[in-house]
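In the numbering used here, the protein residues as written are 7 to 331.
Don't be surprised by glycine CBs; every beta carbon is placed ideally from N, CA and C.
Taking it in order: structure first as structure tokens, then the write-up.
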């Protein structure tokens, strides 16, 4: 069913509303082999056999044979309960837009056409001030050195609507290597499966032209990013170190826990070699999250396409009172 529906879904994406009204089928796990699933542990940085998210809580008493899975950073209890509640209050004081698969969203960032590789400021005028402290806290996280936020998206997952998000890789033309999620209100899981689609999708061929931002241990290795973080003179160093280094076996499922109030950063191989999704079965209560994006190196200061992105980066320094808009 290609045409958009009143619920916000279109194409193969569905929620409980349009499934009931139009007799559509929801299937977000047909490609998943649960017997080959692993759960990532934030403390030992390995993935252990199993499916249920609570398995990571068994640390250090895991069972079975683990696999290495680099490219995941999780900081537990990154937000306090008071910080979490202030964010939820601010979000719910603003209007929500319907989105696909039973979600609602609030999006702040430039307007991008990923197929045509065109970007414009659109109606982007910065970010709501109630969320500024989150971006300020990024500066305290070494793995986020030099992170310049150019998109912030609030997402709501409601189990009564059958909310989920289909497997995908975030576009690689404009969105950079470090993908951030700040999880609020309830626990959930990010399910990772190896990407087996066409090489041209998601603008993946561009990845080989970028310098890596982080090494496999999560240490910033890109001189352009280091200079931004330190406020130094920025040199163009787009030399094309390979970012796509396979993390883990190619035929398994890796489950990434997203505990309430945690910070999750995906980079390296999980960012580019694996698709991620949130399954309907992993949304048990209302869940909110903040998703953040940075530019790819060509659009950063010192990059070859900085002239196209400079106004977006400048606008990203604005924070406005959401109650006076």
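| Check | Outcome |
| --- | --- |
| With a 10 Å radius around its C-beta and 16 neighbouring C-beta atoms as the bar for buried, classify residue 231 as buried or exposed. | buried |
| Given that a residue counts as buried once 16 or more other Cβ atoms are within 10 Å of its Cβ, and exposed if not, what is residue 112? | buried |
| Does the beta-carbon of residue 263 have 16 or more other beta-carbons within 10 angstroms, so that it is buried, or is it exposed? | buried |
| Report yes if the CB atom of residue 219 is closer than 8 Å to the CB atom of residue 162, and no otherwise. | no |
| Taking the alpha-carbon positions, what's the residue 248 to residue 255 distance? | Interpretation of residue 248 is limited by its pLDDT of 47, a score under 50 that renders its predicted location unreliable; the figure taken from the coordinates is listed afterwards. Computed Cα separation, rounded: 19 Å. |
| Nearest by alpha-carbon distance to residue 38: which of 201, 97, 142 and 321 is it? | 201 |
| Could you check where the alpha helix (DSSP H) with residue 138 kicks off and where it finishes? | 138 to 144 |
| From residue 259 to residue 282, what distance separates their C-alpha atoms? | 10 Å |
| Can you give me the C-alpha to C-alpha distance between residue 135 and residue 41, rounded to a whole angstrom? | 45 Å |
| Would you report the Cα separation of residue 119 and residue 169, rounded to the nearest angstrom? | 25 Å |
| Three-state secondary structure (DSSP) at residue 51? | coil |
| What is the DSSP secondary structure of residue 245, counted as helix, strand or coil? | Note that residue 245 scores a pLDDT of 42, beneath 50, so its modelled location is shaky; the value from the coordinates is reported in the next line. Three-state DSSP puts residue 245 in coil, outside helix and strand. |
| Kindly confirm or deny that the region 175 to 191 and the region 289 to 296 touch, where touching means at least three C-beta pairs closer than 8 Å. | yes |
| Give the C-beta separation of residue 154 and residue 234 to the nearest angstrom, bearing in mind that I take them to be a contact with Cβ-Cβ under 8 Å. | 7 Å |
| Quick check: the Cα distance between residue 17 and residue 67, rounded to an integer number of angstroms? | 44 Å |
| Under the DSSP definition of a beta bridge, which residues are partnered with residue 193? | DSSP output for residue 193 lists no bridge partner at all. |
| Candidates 149, 324, 175 and 176: which alpha carbon is nearest residue 81's? | 149 |
| State the DSSP-derived secondary structure class of residue 21, mapped to helix, strand or coil. | coil |
| What do you get for residue 123, buried or exposed, if any count of 16 or more other CB atoms within 10 angstroms of its CB means buried? | exposed |
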